[in-house]
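Here's the structure, in structure tokens; my notes come after.
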Amino acid sequence: MTSTPEGCTTAGRLLPAATWPAADRPPVIVGGGHTGLLLALALEQAGLPVVLLDREPLEATLATDFDGRALGLMQGACRVLETLGLWSELAPVATPIWGVDVEDRGSGARIAYDARSVGDAPFGYGIETRLLRSTLLRAALARPGITFHPATVVTGLRRQPDRLVLALADGHSLATSLLLGADGRASAVRALAGIPLRRYDYRQTALTFAVRLRRPQSPRVRELLRPAGPLALLPIGPQLCSITWIEQTELAKALLAAGPVHLAAALQAELGSAEPFGEVVGRPTGHPLQGQLAARYIAPRVALAGDAAHGLHPIHAQGWNLGVRDVAALAEVLAEAAAHGQDPGSPEVLLRYQRWRAGDAALTFNLTDNLNRLFSNDLEPAKLLRSAGLGLVDRLAPLKRLVIRQGMGLGAPLGGRLPKLAQGQPLTARAAPA
Ligand SMILES: Cc1cc2nc3c(=O)[nH]c(=O)nc-3n(C[C@H](O)[C@H](O)[C@H](O)COP(=O)(O)OP(=O)(O)OC[C@H]3O[C@@H](n4cnc5c(N)ncnc54)[C@H](O)[C@@H]3O)c2cc1C
1 MTSTPEGCTT AGRLLPAATW PAADRPPVIV GGGHTGLLLA LALEQAGLPV
51 VLLDREPLEA TLATDFDGRA LGLMQGACRV LETLGLWSEL APVATPIWGV
101 DVEDRGSGAR IAYDARSVGD APFGYGIETR LLRSTLLRAA LARPGITFHP
151 ATVVTGLRRQ PDRLVLALAD GHSLATSLLL GADGRASAVR ALAGIPLRRY
201 DYRQTALTFA VRLRRPQSPR VRELLRPAGP LALLPIGPQL CSITWIEQTE
251 LAKALLAAGP VHLAAALQAE LGSAEPFGEV VGRPTGHPLQ GQLAARYIAP
301 RVALAGDAAH GLHPIHAQGW NLGVRDVAAL AEVLAEAAAH GQDPGSPEVL
351 LRYQRWRAGD AALTFNLTDN LNRLFSNDLE PAKLLRSAGL GLVDRLAPLK
401 RLVIRQGMGL GAPLGGRLPK LAQGQPLTAR AAPA
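Here it is as structure tokens:
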């Protein structure tokens, strides 16, 4: 890469015509995971060129083997992908989910949520994580307004009055009017910008892998809430199911070390002999779980999105769904700023994003954190509360529909309206005719 502290000439490729006021220094997104890729695609589609950096080499990201890991993408997130024209590529590899069956093993309480009770769209979709990322990556590589630099790591940040200068691990530097941190839980951007982080260790580890079933399954997620942690079965094909199995960390390590045959037997014991599932496939992997929430989404000329801003407990499958709402809101704020000729890195623009997103992030973080604390134990008072709570939601139809709509990501998030992209309205950075 060649670059100067002044501009962002990159890899010998000219940047496309810019509509940003600070046209010579387009925003730089650090992190080409799901969030960074989607943000780049949303901004580019609005007519705003961006530079995207990711630490991983391109081949490594594109060539990932099947590991069985998958995401539950809720309807709200799917609508954003659809508005951005990405859903036609994803739909063939996504499995519709029409319901969620929850069973609290401690209290014996059960509840079934049905998407058809609120409309004619599925709850969401089960999709393999690697297919989602590689589809977004291929789409980003094809867009002329996205200048992508794989195998590029940000290591430092220098502030100047009207710009930031990023130091890269290869010794080059890059100037930008706005730095967008989508670099995950260990975000370098968040640390370099001095944004504090609240963090807990759950002392739980999530095991992820897939199982091949003997019979076709119904299109529903099953979530078993157990004292050690939840165990979720997410359909990702007619006879393929992705497992997220949360255990106390020591036991999770022992299960992983014992190998797939033992893991299959242990899973079968958890599910009960009435449901013979077949075999473990994919690559069983352990993810130590921490909950973390950044104190702010923004710092001068910096904004965070996705896991860089919030790392959630997986109990409610909300992590990236929340990240998609960040992307949709941030892209909308920046497109409006560009349409009005505003500096995208100015405090008033960034504050609009902070105000819009902070409530939703805090609420969703606290919801997942509290659900895990409430359900992952064997205490009698907690069991009574769980049983009463699930029973109440089940009996009150309007409350149940509300819970379903919020879970699907269709309700307005706390602190603001649903972003345009989640309502099917494309963004444009072009100024409205006078
Ligand atoms: C067990 C488990 C189950 C989950 N299930 C669900 C679910 O069902 N539904 C759901 O919505 N969410 C789920 N999540 C959450 C979801 O996986 C995350 O929210 C999502 O993957 C975050 O994406 P991201 O792009 O923000 O971060 P990441 O995926 O961490 O991507 C960060 C990117 O930044 C790059 N990077 C990092 N540092 C640098 C640097 N210094 N310079 C350049 N690049 C850098 C990395 O290479 C990476 O590509 C689950 C999480 C876990 C652990």
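This note's numbering numbers the first residue of the sequence shown as 1 and each following residue consecutively. We put the CB at the ideal spot given by N, CA and C, even for glycine.
- For T147, the beta-bridge partners assigned by DSSP are V51.
- Within a 10 Å sphere around the beta-carbon of N321 sit 16 or more other beta-carbons, which makes this residue buried.
- Residue environment analysis places V189 among the buried positions, since at least 16 neighbouring C-beta atoms fall within 10 angstroms of its C-beta.
- Ranked by how close their Cα comes to the Cα of L293, the residues F66, F365, A193 have F365 in first place.
- Between the alpha carbons of A305 and A274 lies a gap of roughly 43 Å.
- Straight across, the Cα-Cα distance linking L256 with E332 is about 43 Å.
- Remark: C-beta atoms of T368 and H313 approach each other more closely than 9 Å.
- Residue pairing by DSSP puts S242 in a beta bridge opposite A210, L234.
- Measuring C-alpha to C-alpha distances from R215 to each of T208, T35, P235, A42 identifies P235 as the nearest.
- When C-beta atoms of the stretch 156 to 163 are compared with those of the stretch 275 to 282, fewer than three pairs fall below 8 Å, so the two segments do not count as touching.
- A distance criterion of 8 Å places the beta-carbon of D201 beyond contact range of ligand 1, judged by its closest non-hydrogen atom.
- For T35, the closest alpha carbon among the candidates Q75, A303, S177, A121 is that of A303.
- Per DSSP, S387 lies in no beta strand (DSSP E) segment; the continuous alpha helix (DSSP H) that holds it begins and ends at 380 to 395.
- In this structure T244 does not touch P27 by the C-beta definition: roughly 34 Å separates them, more than the 8 Å allowed.
- Within the same chain, P227 come within 7 Å of N377 by CB-CB distance, once the 5 residues on both sides are set aside.
- Here V118 has R401, I404, R405 as same chain residues with Cβ atoms under 7 Å from its own Cβ, once five neighbours each way along the sequence are excluded.
- According to the DSSP assignment, Q75 belongs to the alpha helix (DSSP H) that extends over 75 to 83.
- Within the same chain, Cβ atoms closer than 8 Å to the Cβ of T155 are found at A167, L168, A169, A188, the five residues on either side in sequence being excluded.
- For the stretch 312 to 352, the full-length alpha helix (DSSP H) segments reaching 4 residues or more read 319 to 339 along the chain.
- Using a cutoff of 8 Å, the CB of T244 counts as near ligand 1, since one of the ligand's heavy atoms is closer than that.
- Rounded to whole angstroms, the gap between the alpha carbons of F148 and L141 is 7 Å.
- For the pair T152 and R55, the CB atoms are nearer than the 9 Å cut-off.
- Each residue's CA atom was taken as its position, placing P381 and F375 some 11 Å apart.
- In the displayed model, A46 falls within coil according to three-state DSSP, outside both helix and strand.
- When secondary structure is reduced to three states using DSSP, G106 falls in the coil class, being assigned neither helix nor strand.
- Not one heavy atom of ligand 1 falls within 8 Å of the beta-carbon of Q292.
- Residue nearest to A429 within the set G47, L37, L38, I29 is G47 (criterion: CA-CA distance).
- Spanning the alpha carbons of P300 and G31 requires a straight line of approximately 19 Å.
- Partner residues in the beta bridge of D114, as assigned by DSSP, are G99.
- Set against 8 Å, the gap from the CB of E56 to the closest heavy atom of ligand 1 is smaller.
- Per DSSP, the beta bridge partners of Y200 are G291.
- Here the alpha carbon of V393 sits roughly 31 Å from the alpha carbon of F277.
- D104 is the residue among D65, A266, D104 whose C-alpha sits nearest the C-alpha of L371.
- Checking the 8 Å criterion, the Cβ of N372 is out of range of every heavy atom belonging to ligand 1.
- Judged by pairs of C-beta atoms under 8 Å, the stretch 411 to 425 does not touch the stretch 132 to 139, as fewer than three such pairs exist.
- According to the DSSP assignment, L271 belongs to the alpha helix (DSSP H) that extends over 260 to 271.
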